[in-house]
Amino acid sequence: MINLLLFPILIPFLFASILLLFPKNRLAQRWITFGTLLLTLFVTFVLLFKVKADGIQAITLGSWPAPFGISMVSDMLSVLLVLSSTLITLIVVWYSFSFIDRDRESYFYYPGILFMLTGVNGAFTTGDIFNMFVFFEVLLMSSYLLIVLGGEKIQLRESIKYILVNVISSALFVVTVAYLYSVIGTLNMADISVKIAEVNQPGIITVIAVLFLMVFGLKGAIFPLYFWLPSSYAAPPIPVLALFGALLTKVGVYAIMRTYTLFFTLDQAFTHELLMILAILTIVAGSIGALAYFDVKKIIIYNIIIAVGVILFGASQMNEPALMGSVFYLIHDILIKGALFLLIGIIIAITGTSDLRKMGGLIKTYPTLGWTYLIAAFGLAGIPPLSGFVGKLLIVQGGFEADNLWGSIFILASSLVVLLSVIRIFIYAFWGEPVKVQMLSSSVYRGLFIPAVVLVGISVLYGVGSEWLVPFMSDASNVMLDPTIYIKAVLGGA
Amino acid sequence: MEIIMSFVIGFLFMAAVYLMLSKSLLRIIIGTGLLSHGAHLLLLTMGGLDGDAPPVVSPGVSNYADPLPQALILTAIVISFGVTAFFLVLAYRSYQELETDNMNLMRGTEDHD
Amino acid sequence: MMIFYWGVVILISLSMLAFIYRLIKGPSVPDRVVALDSLGVALICMIGMISILAGTSFFLEIILLLAILAFIGTVAFSKFLEKGEIIQRDNDIS
Amino acid sequence: MKTNDVILQTTTKLIFFIIFLFSIHIFFAGHYTPGGGFVGGLLTASGIVLLLLAFDLKTVTTALPINYTVMTAVGLLLAIATAAGSIFFNVPFFTHAFDYFELPLLGKQSLHTAMLFDTGVYLVVVGVTMTIIQSIGADD
Amino acid sequence: MTMILANILIISTIVFGVIFIIVTAIGLVRLPDVYSRTHAASKSATLGVMFILLGVFFHFWFIEGHINTRILLGIVFLFITGPVGGHVIGRSAYLTGVKMWEGSVKDDLAPVLEERRKKQ
Numbered sequence: 001m002i003n004l005l006l007f008p009i010l011i012p013f014l015f016a017s018i019l020l021l022f023p024k025n026r027l028a029q030r031w032i033t034f035g036t037l038l039l040t041l042f043v044t045f046v047l048l049f050k051v052k053a054d055g056i057q058a059i060t061l062g063s064w065p066a067p068f069g070i071s072m073v074s075d076m077l078s079v080l081l082v083l084s085s086t087l088i089t090l091i092v093v094w095y096s097f098s099f100i101d102r103d104r105e106s107y108f109y110y111p112g113i114l115f116m117l118t119g120v121n122g123a124f125t126t127g128d129i130f131n132m133f134v135f136f137e138v139l140l141m142s143s144y145l146l147i148v149l150g151g152e153k154i155q156l157r158e159s160i161k162y163i164l165v166n167v168i169s170s171a172l173f174v175v176t177v178a179y180l181y182s183v184i185g186t187l188n189m190a191d192i193s194v195k196i197a198e199v200n201q202p203g204i205i206t207v208i209a210v211l212f213l214m215v216f217g218l219k220g221a222i223f224p225l226y227f228w229l230p231s232s233y234a235a236p237p238i239p240v241l242a243l244f245g246a247l248l249t250k251v252g253v254y255a256i257m258r259t260y261t262l263f264f265t266l267d268q269a270f271t272h273e274l275l276m277i278l279a280i281l282t283i284v285a286g287s288i289g290a291l292a293y294f295d296v297k298k299i300i301i302y303n304i305i306i307a308v309g310v311i312l313f314g315a316s317q318m319n320e321p322a323l324m325g326s327v328f329y330l331i332h333d334i335l336i337k338g339a340l341f342l343l344i345g346i347i348i349a350i351t352g353t354s355d356l357r358k359m360g361g362l363i364k365t366y367p368t369l370g371w372t373y374l375i376a377a378f379g380l381a382g383i384p385p386l387s388g389f390v391g392k393l394l395i396v397q398g399g400f401e402a403d404n405l406w407g408s409i410f411i412l413a414s415s416l417v418v419l420l421s422v423i424r425i426f427i428y429a430f431w432g433e434p435v436k437v438q439m440l441s442s443s444v445y446r447g448l449f450i451p452a453v454v455l456v457g458i459s460v461l462y463g464v465g466s467e468w469l470v471p472f473m474s475d476a477s478n479v480m481l482d483p484t485i486y487i488k489a490v491l492g493g494a
Numbered sequence: 001m002e003i004i005m006s007f008v009i010g011f012l013f014m015a016a017v018y019l020m021l022s023k024s025l026l027r028i029i030i031g032t033g034l035l036s037h038g039a040h041l042l043l044l045t046m047g048g049l050d051g052d053a054p055p056v057v058s059p060g061v062s063n064y065a066d067p068l069p070q071a072l073i074l075t076a077i078v079i080s081f082g083v084t085a086f087f088l089v090l091a092y093r094s095y096q097e098l099e100t101d102n103m104n105l106m107r108g109t110e111d112h113d
Numbered sequence: 001m002m003i004f005y006w007g008v009v010i011l012i013s014l015s016m017l018a019f020i021y022r023l024i025k026g027p028s029v030p031d032r033v034v035a036l037d038s039l040g041v042a043l044i045c046m047i048g049m050i051s052i053l054a055g056t057s058f059f060l061e062i063i064l065l066l067a068i069l070a071f072i073g074t075v076a077f078s079k080f081l082e083k084g085e086i087i088q089r090d091n092d093i094s
Numbered sequence: 001m002k003t004n005d006v007i008l009q010t011t012t013k014l015i016f017f018i019i020f021l022f023s024i025h026i027f028f029a030g031h032y033t034p035g036g037g038f039v040g041g042l043l044t045a046s047g048i049v050l051l052l053l054a055f056d057l058k059t060v061t062t063a064l065p066i067n068y069t070v071m072t073a074v075g076l077l078l079a080i081a082t083a084a085g086s087i088f089f090n091v092p093f094f095t096h097a098f099d100y101f102e103l104p105l106l107g108k109q110s111l112h113t114a115m116l117f118d119t120g121v122y123l124v125v126v127g128v129t130m131t132i133i134q135s136i137g138a139d140d
Numbered sequence: 001m002t003m004i005l006a007n008i009l010i011i012s013t014i015v016f017g018v019i020f021i022i023v024t025a026i027g028l029v030r031l032p033d034v035y036s037r038t039h040a041a042s043k044s045a046t047l048g049v050m051f052i053l054l055g056v057f058f059h060f061w062f063i064e065g066h067i068n069t070r071i072l073l074g075i076v077f078l079f080i081t082g083p084v085g086g087h088v089i090g091r092s093a094y095l096t097g098v099k100m101w102e103g104s105v106k107d108d109l110a111p112v113l114e115e116r117r118k119k120q
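Protein chains in written order, with our numbering: chain A, 1 to 494; chain B, 1 to 113; chain C, 1 to 94; chain D, 1 to 140; chain E, 1 to 120.
(1) If you compare alpha carbons, which of E:ILE75, E:ARG116, E:GLY65 is closest to E:MET3?
(2) Residues in the region 9-21 of chain A with C-beta within 9 Å of chain D's C-beta atoms, listed in sequence order?
(3) Whose C-beta lies closer than 7 Å to the C-beta of C:ILE44 among residues of the same chain, with five residues either side of it excluded?
(4) Which same chain residues end up closer than 7 Å to E:LEU109 when comparing Cβ atoms and leaving out the 5 residues on each side of it in sequence?
(5) What first and last residue would you give for the beta strand (DSSP E) that runs through A:ILE435?
(6) Starting from the beta carbon of C:LYS79, find every residue of chain D whose beta carbon is closer than 7 Å, and list them in chain order.
(7) Does the beta carbon of C:MET2 sit closer than 9 Å to a beta carbon anywhere in chain E?
(8) For E:VAL23, which residues in chain D fall below 8 Å Cβ to Cβ?
(9) Just checking, does the region 284-299 of chain A make contact with the region 344-351 of chain A on the three C-beta pairs under 8 Å criterion?
(10) By the criterion of Cβ-Cβ separation under 8 Å, what are the contact partners of E:LEU73 in chain C?
(11) Helix, strand or coil for D:VAL91? Go by DSSP, reduced to three states.
(12) If you follow the alpha helix (DSSP H) that A:LEU218 is in, where does it begin and where does it stop?
(13) Sort A:LEU172, A:GLN317, A:THR36, A:SER17 by Cα distance to A:LEU481 and report the nearest one.
(14) Residues of chain A with a CB under 9 Å from the CB of B:GLY82: which are they?
(15) Does any residue of chain E bring its CB to less than 9 Å from the CB of D:PHE22?
(16) Report the partner residues of E:ASN68 according to the DSSP bridge assignment.
(17) In the structure shown, what three-state DSSP assignment does A:GLU467 receive?
(18) Once DSSP output is grouped into helix, strand and coil, what is the label at D:ASN67?
(19) So what does A:THR86 bridge to, in DSSP terms?
(20) For D:GLY41, count neighbouring Cβ atoms within 10 angstroms of its own Cβ and tell me buried if that reaches 16, exposed if not.
(21) Under 9 Å, Cβ to Cβ, is there at least one residue of chain A near D:ASN4?
(22) Put B:HIS37 into one of helix, strand or coil per three-state DSSP.
(23) How far does the alpha helix (DSSP H) with D:TYR100 in it extend, from its first residue to its last?
(24) Determine the burial state of A:TYR486: buried for a count of at least 16 other Cβ atoms within 10 Å of its Cβ, exposed for fewer.
(25) From E:THR32 to C:TRP6, what does the alpha carbon distance come to, in whole angstroms?
(26) Tell me the rounded alpha-carbon separation between A:LYS488 and B:SER36.
(27) From B:ARG27 to B:VAL17, what distance separates their C-alpha atoms?
(28) A:GLY220: buried (16+ other C-beta within 10 angstroms of its C-beta) or exposed?
(29) Are the region 74-82 of chain D and the region 17-35 of chain A touching, with three or more C-beta to C-beta distances below 8 Å?
(30) For A:PHE313, which option in A:TRP406, A:LEU83, A:VAL79, A:PHE212 has the closest C-alpha, if you only look at C-alpha atoms?
(31) Less than 8 Å between the CB atoms is what I'm expecting for A:PHE389 and A:GLY463, so what's the real figure, rounded?
(32) May I ask you to report which of helix, strand or coil DSSP gives B:ASP111?
(33) CB C:SER78 to CB E:SER92, shorter than 9 Å?
(34) Return the CA-CA distance between A:THR365 and A:LYS436, expressed in angstroms with no decimal places.
(35) So that I know if they touch, is there some Cβ in chain E lying closer than 9 Å to that of D:ILE80?
(36) So what's A:VAL490 in DSSP terms, helix, strand or just coil?
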């Protein structure tokens, strides 16, 4: 089965196409989607262990020889990300059964999610820079559908902004690929890496590196380019927001990590320094936002930006502990952000508002929800032994090893801000004077709460079992530290 | 030839930025269309403009153009076609819903709406 | 022979300039539509000439394509001017 | 005011078939020469748009009762199924096969599995384009 | 000999076509109102492009040696659509109320429209 690594892309795509045929049959839509995601998850597990056993899987589409055709490459980093994004999508779909209203369900909501998963998995798997652009567009097109679905006024307004920003960044992506092609003359990522090393990274390549940082930074929301994210993400309903928050920015972050560890490794004094400074500024900006708002959605959304900064800081250090920590933190963030958004969604559904000042006293009526939220919040802030701890520890250790004392201190300080911001939600929403709330019917509440608990449980397991995960993570970071492994897997024994 | 193309691309980008900074939503969409045209043209130019014949291998033709940029452009055109069409539908719907296509009147934050 | 074809290309370009003058100036909207239509026609001639000059018949497909697009554009413009909408829901009612 | 569109409508009846034939030609020419599913699909869609321009939505939907969403889905399925056929032969995805056939009148012609993929693209393009045009155009 | 004859045929048709295209250009610039300009655009431009395409067709037939049916189809297409395009533009111009040149001598549509307006 040399095509195994394509299955996480193909299965959602195939079933999404089938689902387009009967949009009105809601029950079939639900269960086919759920079954598809389970199947994808299973295939991804098989792929994970195959990658662990046999090393990087690579295939070139259409039986072309390697640098000419489109390569698909599944190394440990990408397969881990594919696994976690499929998992998150599965749980969000489960959550959507009780959350999403009838109109959206019968207007291509589930095909949209499956197409988005296709794009996300494809962007993680591809080994061709232009093909990455294509998969980005696939996921963006379906995210346009998801963000505007329902057609409320605020959604229409914010989606215009969102689409405009993404169209501009796509055009910039094409421009960047054009420059890269004119200098290097190839599009295969492994081949680009070889050729850049041959020409010894002249100035123009550094320009391209900064352009890539801009392009992926717009999608991944780094410091000066995050402006569109908070208001746009606040518009769609919670399950869509959870998917966006957990996955879309991470695709941009993954692309930055991939390009900066595979292509632009020779002029680290400039490019990685720039990346580090931007990462720290991102953390600062996110922290300010997370403390400034009284809107629960906004607080968690600004926490996305903080996490992006933390991951990129780790990626910019280019030593083993920091990169390993980045991978740890990336997957942790996908899981915990999904869980937090789902829990926030329950709180909003109960209180009917997203304004913290209008909430209070939920701990009396929904105690389990409160304690689950507290665990998730501690996990986000990185309290040992929960999941954020290992990643952050390794990133900070890498920062110290690379003599970036101040950056590491910022990371540590940001943990406090994160903790403060999420605990604020806990204090305002769960403690204090009880506010009159509408009781959810218990079946709906269970439908919302169980997926969220499952996700929190997975993230706790991820934190507790991190010792067991170290071999996987070190495989992932080894590929990033040493591009020759990747190149050898794609281009053959050369 | 590359010089002329550079000027054309620069002009397209200039016009696109001007249009995207205006208030009317329709102008913004036209601006994004121009922007992607400029990007496609840049991709074509950056692939090198040597070769007189079209990028099709046929008997007796040796000086054909590099086919890869053209394939990339076709893909990019398809994508930008889809995005622009979607954007137009969205603009139309939001014009119906919000009854304006002026971006200034569409502005608003969560505090006042 | 080549010089002749280049001369033809230059003459067509000059007429295209005249069409563009009418397109920019053209006091009413139908004037501009006429100019656009003629621009399409001149482009078709240009592609014929260029495919002779390049010595390849691959460009000839574009001739019919451009003709189709120019015609549809003209019809759509004039229908919009005349009726205020491009695609009618039902011709008998309005 | 009801207007008389006889000239336009009569021409359209003729022109539509020219456009449609040409789009089929472009579609089949697409393997070795310029053309293919995307251009062919766009041309067919423009032919249908011409019909919509000359007649009205009601007439065209009675003449061509096609659900364009289903058309898009079928096209996507056809494209992915063709490409996925290579999985069963354990060769890389998208690997295509071809053979030569003797057809009456046309002589020796080659037929590729890539053409099936292109048929899918054709259907998707026509479906998406017409969905968009209908959703913008057919609104009061 | 045949080569020279072929070249003469090609050159004469293309020259004929270019003359018509230039006539169109002059007409579009010089003629006074949109109705007379549609004459230039629809009639002489169509004729011009038909002749040029015929020349291209002859070129590919006689010099390169293959008959390209797409050009013939294109000629037929332009022959049908060119006048129809002119007609459609002219009608829309009249119905949107573009003024005629003051030197016009005949307006047959005005009394018809007047009569129809009375009927309603």
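C-beta: ideal position from N, C-alpha, C; glycine also. Just so we're clear, the structure is a prediction, and the values are computed from it rather than from any experiment.
In short:
(1) Position 3 of the fifth sequence, counted from the first residue, corresponds to residue 3 of chain E. Cα-wise, what sits closest to E:MET3 is E:GLY65.
(2) Correct list: LEU10, PHE13, LEU14, ALA16, SER17, ILE18, LEU19, LEU20, LEU21.
(3) In the third sequence, the residue the question calls residue 44 of chain C occupies position 44. The beta carbon of C:ILE44 sits closer than 7 Å to those of ILE63, LEU66, ALA67, all from its chain and outside the five residues before and after it, given in chain order.
(4) For the purposes of this step, residue 109 of chain E is identified with residue 109 of the fifth sequence, where counting begins at 1. Around E:LEU109: TYR94.
(5) Indexing the first sequence from 1 puts residue 435 of chain A at position 435. It is Val, not Ile, that sits at residue 435 of chain A in the sequence shown. No beta strand (DSSP E) contains A:VAL435, which DSSP labels as neither H nor E.
(6) Working through the third sequence from its first residue, we reach residue 79 of chain C at position 79. Among the residues of chain D, those whose CB is under 7 Å from the CB of C:LYS79 are LEU53, following chain order.
(7) In the third sequence, counting from the first residue as 1, residue 2 of chain C sits at position 2. No, its Cβ sits nowhere closer than 9 Å to a Cβ of chain E.
(8) Position 23 of the fifth sequence holds residue 23 of chain E. Chain D residues near E:VAL23: none, gap ~25 Å exceeds 8 Å.
(9) With a cut-off of 8 Å on Cβ pairs, the region 284-299 of chain A is in contact with the region 344-351 of chain A, counting three or more such pairs.
(10) In the fifth sequence, counting from the first residue as 1, residue 73 of chain E sits at position 73. Residues of chain C passing the Cβ test: LEU64.
(11) For this step, residue 91 of chain D is matched to residue 91 along the fourth sequence. In the three-state reduction of the DSSP assignment, D:VAL91 falls in the coil class.
(12) Sequence index remark: in the first sequence, residue 218 of chain A carries index 218 (1-based). For A:LEU218, the uninterrupted alpha helix (DSSP H) run begins and ends at 203-220, by DSSP.
(13) Working through the first sequence from its first residue, we reach residue 481 of chain A at position 481. When each option's Cα is compared against that of A:LEU481, the closest is A:GLN317.
(14) By 1-based counting over the second sequence, the position of residue 82 of chain B is 82. In chain order, GLU137, MET141 make up the part of chain A whose C-beta sits under 9 Å from the C-beta of B:GLY82.
(15) For the purposes of this step, residue 22 of chain D is taken as the residue at position 22 of the fourth sequence. Interface criterion met: the Cβ of D:PHE22 is under 9 Å from a Cβ in chain E.
(16) Here residue 68 of chain E is taken as the residue at index 68 of the fifth sequence, counted from 1. Note: E:ASN68 sits in no beta bridge, so no partner.
(17) Working through the first sequence from its first residue, we reach residue 467 of chain A at position 467. The three-state secondary structure of A:GLU467, taken from DSSP, is helix.
(18) The sequence position of residue 67 of chain D within the fourth sequence is 67, counting from 1. D:ASN67 falls in the coil class under three-state DSSP.
(19) Counted from its first residue, the first sequence places residue 86 of chain A at position 86. Paired residues: none, contrary to the question.
(20) The residue given as residue 41 of chain D occupies position 41 in the fourth sequence. Result: buried.
(21) In the fourth sequence, residue 4 of chain D corresponds to position 4, counting from 1. No, D:ASN4 lies away from the interface with chain A (no Cβ there is under 9 Å from its Cβ).
(22) Locating residue 37 of chain B in the second sequence gives position 37, counting from the first residue. B:HIS37: helix per DSSP, three-state reduction.
(23) The count along the fourth sequence starts at 1 and reaches residue 100 of chain D at position 100. Unbroken run through D:TYR100 is the beta strand (DSSP E), 98-103; no alpha helix (DSSP H).
(24) Numbered from its first residue, the first sequence carries residue 486 of chain A at position 486. Under this definition A:TYR486 is a buried residue.
(25) For this step, residue 32 of chain E is matched to residue 32 along the fifth sequence. For this step, residue 6 of chain C is matched to residue 6 along the third sequence. Reading the sequence as shown, one finds Pro at residue 32 of chain E and not Thr. Distance between the alpha carbons of E:PRO32 and C:TRP6 is about 32 Å.
(26) One-based indexing of the first sequence puts residue 488 of chain A at position 488. One-based indexing of the second sequence puts residue 36 of chain B at position 36. Between the C-alpha atoms of A:LYS488 and B:SER36 there is a straight-line separation of about 35 Å.
(27) Here the question's residue 27 of chain B lines up with position 27 in the second sequence. Here the question's residue 17 of chain B lines up with position 17 in the second sequence. In a straight line, the C-alpha of B:ARG27 is about 10 Å away from that of B:VAL17.
(28) If you number the first sequence from 1, residue 220 of chain A lands on position 220. Residue environment for A:GLY220: buried (at least 16 other C-beta atoms within 10 angstroms of its C-beta).
(29) Proximity of the region 74-82 of chain D to the region 17-35 of chain A meets the contact definition, three or more beta-carbon pairs being nearer than 8 Å.
(30) For the purposes of this step, residue 313 of chain A is taken as the residue at position 313 of the first sequence. With distances taken between Cα atoms, A:PHE313 lies closest to A:TRP406.
(31) For this step, residue 389 of chain A is matched to residue 389 along the first sequence. For this step, residue 463 of chain A is matched to residue 463 along the first sequence. The beta-carbon distance between A:PHE389 and A:GLY463, rounded to whole angstroms, is 6 Å. This is short enough to meet the 8 Å contact definition.
(32) Counted from its first residue, the second sequence places residue 111 of chain B at position 111. Residue confidence for B:ASP111 is low, a pLDDT of 46 falling below 50, so the modelled location carries little weight; the figure read from the coordinates is stated next. Here B:ASP111 sits in coil by DSSP.
(33) Residue 78 of chain C sits at position 78 when you count from the first residue of the third sequence. Residue 92 of chain E sits at position 92 when you count from the first residue of the fifth sequence. The answer is yes: Cβ separation under 9 Å.
(34) Counted from its first residue, the first sequence places residue 365 of chain A at position 365. Counted from its first residue, the first sequence places residue 436 of chain A at position 436. Their backbone Cα atoms lie some 11 Å apart in a straight line.
(35) Taking the first residue of the fourth sequence as position 1, residue 80 of chain D is located at position 80. Closer than 9 Å: no.
(36) As a working note, residue 490 of chain A is residue 490 in the first sequence. Per DSSP, reduced to three states, the secondary structure at A:VAL490 is helical.
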